[in-house]
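Peer 1:
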Amino acid sequence: MKKRITYSSIVLIISLISFSYVFYDPTPIYLEIPKNWPKPAYNFSKNPLTEEGFQLGRHLFYDPILSRDNTISCASCHLQQTGFTHVDHDLSHGIEGKIGTRNSATLMNLAWSTHFMWDGGINHLEVQPLAPIESEVEMDETLENIVKKLQNSKKYQLLFEKAFGTKKITGQLTLKALAQFVVMLKTDNSKYDKVIRKEVNFTAQEQKGYTLFKQNCASCHTEPLFTNNSFENNGLEIDTTLNDFGRRKITNNSKDKLKFKVPTLRNIQFTFPYMHDGRFSTLTEVVKHYNTGIHQSETLSLKLVKPMNLSDNERVDLVTFLKTLTDEEFLFNPRFSFPRANN
Amino acid sequence: MNKNIIWFLFLISIHLNAQKASDSLHLNIDVVFGGKPIQLDSNYISITKDTLSFTTIKFYLSSFEFHFTDNSIYKENNSYHLIDIENPNSKKISFSKVNFKNKTLKSIQFNIGVDSLMSVSGAMKDALDPTKGMYWAWQSGYINIKIEGKSLSCNTRKNKFQFHIGGYLEPNYAMRTFNFNFNDNIKKEKNIVMDLGKLFSEIQLKENNTIMIPGKEAMKLADLTTEIFFIQ
Numbered sequence: 003m004k005k006r007i008t009y010s011s012i013v014l015i016i017s018l019i020s021f022s023y024v025f026y027d028p029t030p031i032y033l034e035i036p037k038n039w040p041k042p043a044y045n046f047s048k049n050p051l052t053e054e055g056f057q058l059g060r061h062l063f064y065d066p067i068l069s070r071d072n073t074i075s076c077a078s079c080h081l082q083q084t085g086f087t088h089v090d091h092d093l094s095h096g097i098e099g100k101i102g103t104r105n106s107a108t109l110m111n112l113a114w115s116t117h118f119m120w121d122g123g124i125n126h127l128e129v130q131p132l133a134p135i136e137s138e139v140e141m142d143e144t145l146e147n148i149v150k151k152l153q154n155s156k157k158y159q160l161l162f163e164k165a166f167g168t169k170k171i172t173g174q175l176t177l178k179a180l181a182q183f184v185v186m187l188k189t190d191n192s193k194y195d196k197v198i199r200k201e202v203n204f205t206a207q208e209q210k211g212y213t214l215f216k217q218n219c220a221s222c223h224t225e226p227l228f229t230n231n232s233f234e235n236n237g238l239e240i241d242t243t244l245n246d247f248g249r250r251k252i253t254n255n256s257k258d259k260l261k262f263k264v265p266t267l268r269n270i271q272f273t274f275p276y277m278h279d280g281r282f283s284t285l286t287e288v289v290k291h292y293n294t295g296i297h298q299s300e301t302l303s304l305k306l307v308k309p310m311n312l313s314d315n316e317r318v319d320l321v322t323f324l325k326t327l328t329d330e331e332f333l334f335n336p337r338f339s340f341p342r343a344n345n
Numbered sequence: 008m009n010k011n012i013i014w015f016l017f018l019i020s021i022h023l024n025a026q027k028a029s030d031s032l033h034l035n036i037d038v039v040f041g042g043k044p045i046q047l048d049s050n051y052i053s054i055t056k057d058t059l060s061f062t063t064i065k066f067y068l069s070s071f072e073f074h075f076t077d078n079s080i081y082k083e084n085n086s087y088h089l090i091d092i093e094n095p096n097s098k099k100i101s102f103s104k105v106n107f108k109n110k111t112l113k114s115i116q117f118n119i120g121v122d123s124l125m126s127v128s129g130a131m132k133d134a135l136d137p138t139k140g141m142y143w144a145w146q147s148g149y150i151n152i153k154i155e156g157k158s159l160s161c162n163t164r165k166n167k168f169q170f171h172i173g174g175y176l177e178p179n180y181a182m183r184t185f186n187f188n189f190n191d192n193i194k195k196e197k198n199i200v201m202d203l204g205k206l207f208s209e210i211q212l213k214e215n216n217t218i219m220i221p222g223k224e225a226m227k228l229a230d231l232t233t234e235i236f237f238i239q
């Protein structure tokens, strides 16, 4: 009798396992860490990447189902060809044309980011989408309602089952899938990267610009990510139509007044306009600001107290270097684009 | 194959029997106002003479610990419970008695709110799933306690009051630990009573009716929350 129980249980377990494999057999994928780059901040062990999870996240990213009236998707403000930001608008607009208070951020190398949004109020990549989803001027939706909409969709039931082995859609799985897509948005193949890997050489002008960059910019825009993930007041005079004091809103600490996250400079040639409120539309204006336009205030970054004093030629050299951070392979990678049947 | 299915059902039924209700300790959560069970949309009068009604009462109780007279401790795994006055099932938390057979209970401890580790660990499931309406959007972190309602004392839009108490970062970490001592053999059930009358006796709704962010104001209310729970 005992033997028969053991035998039957084994048969049962094996048949259950093989039964579940028919439907759920995801393909693991990995984010390859470029040589000499730091360790990612994202904990992949809590959300193992799979091709199916990535593709589900990609569908969600490009689907306006995430907004209240099904008009706005993540991609509305985060376009691939411009480093996943909203080009040409100083302040980004969302649902019903409503305008927010900040310039939408780029989405690049997020596996290495420790805080999200210009004020760093979001502490984890997975919960970041909640901010635009629930913002009244962006998507004006709730995660609860999104889950209901997804649950009613045959397409998403199938995609969730392939990715997570369950048709039961939850908020957690929705956010984990989105994270699987955006965490893969790695850019590491610009001319700068190729020079570092000794595959190509800078022009003389680019090299001059790189030297100036290392002297004047790299303490905050630290290589290879071109950000040190810190918060700084970079000497922008406050825009009194917005009165945005940045990180102070999150920490309630007056030391954080007017501080914003140091953004990455990768693909900066295409991520205009610049700054948290998009006040500069060209790189020439940005460099000019750092050269002679710094507005003094008590929380000003210590690194900006002394003016750069670059000559006209040097400023052009610096901009020339910044354009070597463009990674066209990333900006046009079909894997990151709107999901179509054949890609 | 038929035989397998029969064995499968047999194993399931054993499993279900082991989980029979009588083998559990039930903690019933009662939300009251000055001793009376709270009904949503009914009027209550506070000691500070505000007439008020409630539309939402939701809060987290977490990290349950049972301390016994032999100095052993039983800690519930993954212990996060969202109590929602509108959801009767959420007002009963059950613990299998297997974990404290033949022991005498010395004290019960739990947290009011969600700990900072869970607040920085990304998207969570079940009670902590952000679909529960207890996660802030523009700034990370759980709302530990959400109490909303109406009172003519509030000079706000539609006379609403809204208290969203939370915050995981020092110095505004709003989770509180509640401890209750007693000597008792484990019986079938106990009642955890939350008396909002006590909370609103410390609030003058005309001046204080909206807390939506972590900070000093939220910390003051969080401090009061340990005073409004007791166990019967």
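Protein sequences, first through last, are from chains B and V. Under this note's numbering, the first sequence is numbered contiguously, ending at residue 345. Under this note's numbering, the second sequence is numbered contiguously, ending at residue 239. No residue lacks a Cβ here, since even glycine has one placed at the ideal position from N, Cα and C.
#1: Given a cut-off of 8 Å on the beta-carbon distance, is the pair L47 (chain V) and T58 (chain V) in contact?
#2: Assign R317 (chain B) to one of three DSSP states: helix, strand, or coil.
#3: Using DSSP with H/G/I as helix, E/B as strand and the rest coil, what is H126 (chain B)?
#4: Anything in chain D within Cβ reach of Q174 (chain B), meaning under 7 Å, just list it in chain order.
#5: Any beta carbon from chain V within less than 8 Å of N254 (chain B)'s own beta carbon?
#6: Considering only the alpha carbon of each residue, which of V:Q239, V:F207, V:F102 lies closest to L228 (chain V)?
#7: For S313 (chain B), count neighbouring Cβ atoms within 10 angstroms of its own Cβ and tell me buried if that reaches 16, exposed if not.
#8: Report the rounded CA-to-CA distance for H88 (chain B) versus Y276 (chain B), giving the unit in angstroms.
#9: Report the residue from V:D122, V:I199, V:I235 whose alpha carbon sits nearest the alpha carbon of Y180 (chain V).
#10: Tell me, please, whether the CB atom of G102 (chain B) is closer than 8 Å to any CB atom in chain V?
#11: Helix, strand or coil for T266 (chain B) per DSSP?
#12: Closer than 6 Å by C-beta to V318 (chain B): which residues in its own chain qualify, once you throw out the five before and the five after it? Chain order, please.
#13: Assign S79 (chain V) to buried or exposed, taking buried as 16 or more other Cβ atoms, counted over all protein chains shown, within 10 Å of its Cβ.
#14: Can you name the residues of chain V whose CB is closer than 8 Å to the CB of V129 (chain B)?
#15: For the beta strand (DSSP E) holding I31 (chain B), just list the boundary residues, first then last.
#16: Pull up the DSSP beta-bridge partners for S103 (chain V), would you.
#17: Locate the alpha helix (DSSP H) running through S78 (chain B), then write down its first and last residues.
#18: What would DSSP say about K48 (chain B), mapped onto helix, strand or coil?
#19: Exposed or buried, S106 (chain B), counting other C-beta atoms within 10 Å across all chains shown (16 or more means buried)?
#20: What's the gap between the Cα of T224 (chain B) and the Cα of K290 (chain B)?
#21: Chain B partners of G222 (chain V), CB-CB under 9 Å?
#22: Please report the distance separating the alpha-carbon of N235 (chain B) from that of P134 (chain B).
#23: Taking 8 Å as the threshold (beta carbon to beta carbon), is E163 (chain B) in contact with chain V?
#24: Taking 8 Å as the cut-off, does the stretch 323–337 of chain B touch the stretch 74–86 of chain B (at least 3 CB pairs, one atom from each stretch)?
#25: Output needed for S232 (chain B): all residues of its chain with C-beta closer than 6 Å, excluding positions within five of it in sequence on either side, in chain order.
#26: Which same chain residues end up closer than 8 Å to F75 (chain V) when comparing Cβ atoms and leaving out the 5 residues on each side of it in sequence?
#27: Threshold first: 4 residues or longer. Then list the alpha helix (DSSP H) segments lying entirely within the stretch 123–169 of chain V, N to C.
#28: To the nearest angstrom, report how far apart L132 (chain B) and S126 (chain V) are at their CA atoms.
#29: Please go through the same chain and pick out, in chain order, the residues whose beta-carbon is closer than 7 Å to the beta-carbon of F338 (chain B), but skip the five residues on each side of it.
#30: Can you check DSSP and say which residues form a bridge with Q239 (chain V)?
#31: Opposite H88 (chain B) in the DSSP bridges: which residues?
#32: In chain order, what residues of the stretch 40–59 of chain B put their CB closer than 8 Å to some CB of chain V?
#33: Quick check: K164 (chain B) and E239 (chain B), are their CB atoms within less than 8 Å of each other?
#34: When the Cα atoms are used, what is the spatial distance from G41 (chain V) to F237 (chain V)?
#35: I want to verify the contact list: residues of chain V whose CB lies under 7 Å from the CB of G123 (chain B), in sequence order.
#36: Can you name, in chain order, every residue of its own chain whose Cβ lies under 6 Å from the Cβ of L302 (chain B), other than the five neighbours on each side?
Peer 2: Looking at the coordinates:
#1: In the second sequence, counting from the first residue as 1, residue 47 (chain V) sits at position 40. In the second sequence, counting from the first residue as 1, residue 58 (chain V) sits at position 51. No.
#2: The count along the first sequence starts at 1 and reaches residue 317 (chain B) at position 315. Helix, per DSSP.
#3: Translated into positions along the first sequence, residue 126 (chain B) becomes position 124. Looking at H126 (chain B) - three-state DSSP - the assignment turns out to be coil, as it is neither helix nor strand.
#4: Structure shown: chain D not included; protein chains present are B and V.
#5: To locate residue 254 (chain B), count along the first sequence from 1; it is residue 252. Yes - at least one Cβ of chain V is within 8 Å of the one on N254 (chain B).
#6: Within the second sequence, numbered from 1, the residue matching residue 228 (chain V) stands at position 221. Selected option, being the one with the closest Cα: V:F207.
#7: Working through the first sequence from its first residue, we reach residue 313 (chain B) at position 311. Exposed: under 16 other Cβ atoms inside 10 Å.
#8: Counting from one through the first sequence, the residue named residue 88 (chain B) turns up at place 86. Counting from one through the first sequence, the residue named residue 276 (chain B) turns up at place 274. Rounded to the nearest angstrom, the two C-alpha atoms are 11 Å apart.
#9: Residue 180 (chain V) sits at position 173 when you count from the first residue of the second sequence. Comparing Cα positions, the closest option is V:D122.
#10: In the first sequence, residue 102 (chain B) corresponds to position 100, counting from 1. Not one chain V Cβ lies under 8 Å of G102 (chain B).
#11: Taking the first residue of the first sequence as 1, we reach residue 266 (chain B) at position 264. Collapsing the DSSP output to three states places T266 (chain B) in coil.
#12: Position 316 of the first sequence, counted from the start, is the residue given in the question as residue 318 (chain B). Nothing meets the Cβ criterion.
#13: Taking the second sequence and counting its residues from 1, the one referred to as residue 79 (chain V) is at position 72. Result: exposed.
#14: Against the first sequence, residue 129 (chain B) aligns to sequence position 127. Ordered by position in chain V, the residues that pass the 8 Å Cβ test against V129 (chain B) are G129, A130, P137, Y142, S147.
#15: Here the question's residue 31 (chain B) lines up with position 29 in the first sequence. Unbroken run through I31 (chain B): none, as it is neither H nor E.
#16: Mapped onto the second sequence, residue 103 (chain V) falls at position 96. Looking at the DSSP assignment, S103 (chain V) forms a beta bridge with V:S31.
#17: One-based indexing of the first sequence puts residue 78 (chain B) at position 76. Membership of S78 (chain B) in the alpha helix (DSSP H) is indicated by the continuous run 76–79.
#18: Taking the first residue of the first sequence as 1, we reach residue 48 (chain B) at position 46. Three-state result, K48 (chain B): helix.
#19: Residue numbering aside, residue 106 (chain B) sits at position 104 when the first sequence is read from its first letter. By the 10 Å Cβ count, S106 (chain B) comes out buried.
#20: Taking the first sequence and counting its residues from 1, one reaches residue 224 (chain B) at position 222. Taking the first sequence and counting its residues from 1, one reaches residue 290 (chain B) at position 288. T224 (chain B) and K290 (chain B) have their alpha carbons spaced roughly 20 Å apart.
#21: Here residue 222 (chain V) is taken as the residue at index 215 of the second sequence, counted from 1. Simply N254.
#22: The residue you call residue 235 (chain B) lines up with position 233 of the first sequence. The residue you call residue 134 (chain B) lines up with position 132 of the first sequence. Roughly 24 Å between the two C-alpha positions.
#23: By one-based count along the first sequence, residue 163 (chain B) stands at place 161. With 8 Å as the cut-off, E163 (chain B) does not count as an interface residue toward chain V.
#24: yes
#25: On the first sequence, position 230 is the one that residue 232 (chain B) refers to. V264, listed in sequence order.
#26: Working through the second sequence from its first residue, we reach residue 75 (chain V) at position 68. So the qualifying residues of the chain are Y81, F107, K110, T111, L112, K113.
#27: 123–126
#28: Position 130 of the first sequence holds residue 132 (chain B). Position 119 of the second sequence holds residue 126 (chain V). The alpha-carbon atoms of L132 (chain B) and S126 (chain V) are separated by roughly 14 Å.
#29: Indexing the first sequence from 1 puts residue 338 (chain B) at position 336. Same-chain partners within the cutoff: Q82, L187.
#30: Within the second sequence, residue 239 (chain V) is the residue found at index 232, counting from 1. DSSP lists no partner for Q239 (chain V).
#31: Here the question's residue 88 (chain B) lines up with position 86 in the first sequence. Its beta-bridge partners do not exist; DSSP assigns none.
#32: N45, K48, N49
#33: In the first sequence, the residue the question calls residue 164 (chain B) occupies position 162. In the first sequence, the residue the question calls residue 239 (chain B) occupies position 237. Cβ distance not < 8 Å, so K164 (chain B) and E239 (chain B) don't count as in contact.
#34: Sequence index remark: in the second sequence, residue 41 (chain V) carries index 34 (1-based). Sequence index remark: in the second sequence, residue 237 (chain V) carries index 230 (1-based). G41 (chain V) and F237 (chain V): Cα-Cα distance of roughly 13 Å.
#35: Within the first sequence, numbered from 1, the residue matching residue 123 (chain B) stands at position 121. Correct list: W145, Q146, S147.
#36: Against the first sequence, residue 302 (chain B) aligns to sequence position 300. Within the same chain, L302 (chain B) has close Cβ partners N235, G237.
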